[in-house]
Amino acid sequence: MTKITIPNTTSQLIKVTTKDWNTKDGELQRYEKNKKGEWIKIGKTIDIVLGRNGLGWGLGLHKIPKNAKYIKKEGDGKSPAGLFSLGNGFGYQEFKINFPYAKYTRTDLCVDDSKSEFYNTIINSKKVKKDYKSFEHMKLKNNLYKYGITVQHNPENIPKAGSCIFIHIKSKTGRGTAGCTAMKESEITKILKWLDVKKNPLLLQLPKEEL
């Protein structure tokens, strides 16, 4: 079991749990802190899909245990475990919410090339000099990124430590992701509407054995 402390400045929490380190399936529950400082469940627990190879400790607001067996790396098909800040909501169209939000187009890219100075960064490809060979479009030819939230995993952009981690819409087949957390479109829009930047929302993502 790992001790992770939620900062006092946070009063909204997205908690994702799995049965173990190696499963791609999990559950998500929202929480909000009331005036008494108690964490109250918000909405129902929902089913989510994680990385096709389960979880590995990521880089966020927590300390990785010394003898950690599972560590998130670039391209390993694992979602990051730990406590993470959220960057901004995003999507293919404007969406007014109480949280930072960006409308992305086909020229907006997330760079996953560890050798690039833009590694783990979303860029407008028209405005930077290309030094990357690998990236993903933030507006896909399908609806998986129609709505999403950026997760601030690996905030120092350490090469090969993992990049471009999002909460987004899951595929119709429910297949495991490359490392993101995915759910139904109706569920992610609920989360986006609920997020409040003043409440410093965080993502806690762990297998049950670590809670």
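Here the numbering used here runs 8 ahead of the position in the sequence shown, where the first position is 1. Quick reminder that beta carbons are idealized off the backbone N, C-alpha and C, glycines included. Small disclaimer: the values here were computed from a predicted structure and weren't measured.
**Request:** State yes or no: is the C-beta of THR158 within less than 8 angstroms of the C-beta of PHE107?
**Result:** no
**Prompt:** Hey, quick one: how far does the alpha helix (DSSP H) through ILE199 stretch, first residue to last?
**Reply:** 193-202
**Asked** Any contact of the segment 194-213 with the segment 118-133, i.e. 3+ C-beta pairs under 8 angstroms?
**Response** no
**Item:** TRP65 - partner residues in DSSP beta bridges
**Value:** ILE79 and ALA89
**Message:** Quick check: the Cα distance between SER142 and ALA186, rounded to an integer number of angstroms?
**Reply:** When rounded, the distance between both Cα atoms is 14 angstroms.
**Asked** For LYS32, which residues of its own chain have a beta-carbon under 7 angstroms away from its beta-carbon, when the five flanking residues on both sides are left out?
**Response** VAL57, LEU58, GLY59, ARG60, GLY62 and GLY184
**Request:** Look at the Cβ atom of LYS207, then the Cβ atom of GLN37, and state whether they are nearer than 8 angstroms.
**Result:** Not closer than 8 angstroms, so no.
**Item:** Per DSSP, cross-strand counterpart(s) of GLN37
**Value:** LYS23
**Request:** Would you check whether the ligand NAD has a heavy atom nearer than 7 angstroms to the C-beta of TYR78?
**Result:** The model on display carries no ligand, and the ligand NAD is accordingly not part of it.
**Asked** Straight-line CA distance for TYR39 to ASP84?
**Response** 30 angstroms
**Complete beta strand (DSSP E) runs within the segment 143-199 (minimum length 3 residues, chain order)** = 143-145, 155-159, 174-177 and 189-191
**Request:** Report yes if the CB atom of HIS161 is closer than 8 angstroms to the CB atom of PHE92, and no otherwise.
**Result:** Closer than 8 angstroms, so yes.
**Prompt:** Among THR17, LEU210 and ASP120, which residue has its Cα nearest to the Cα of GLU144?
**Reply:** ASP120
**Prompt:** Looking only at its own chain, which residues have a Cβ that is under 8 angstroms from the Cβ of ALA76, when we skip the five neighbours before and after it?
**Reply:** TRP65
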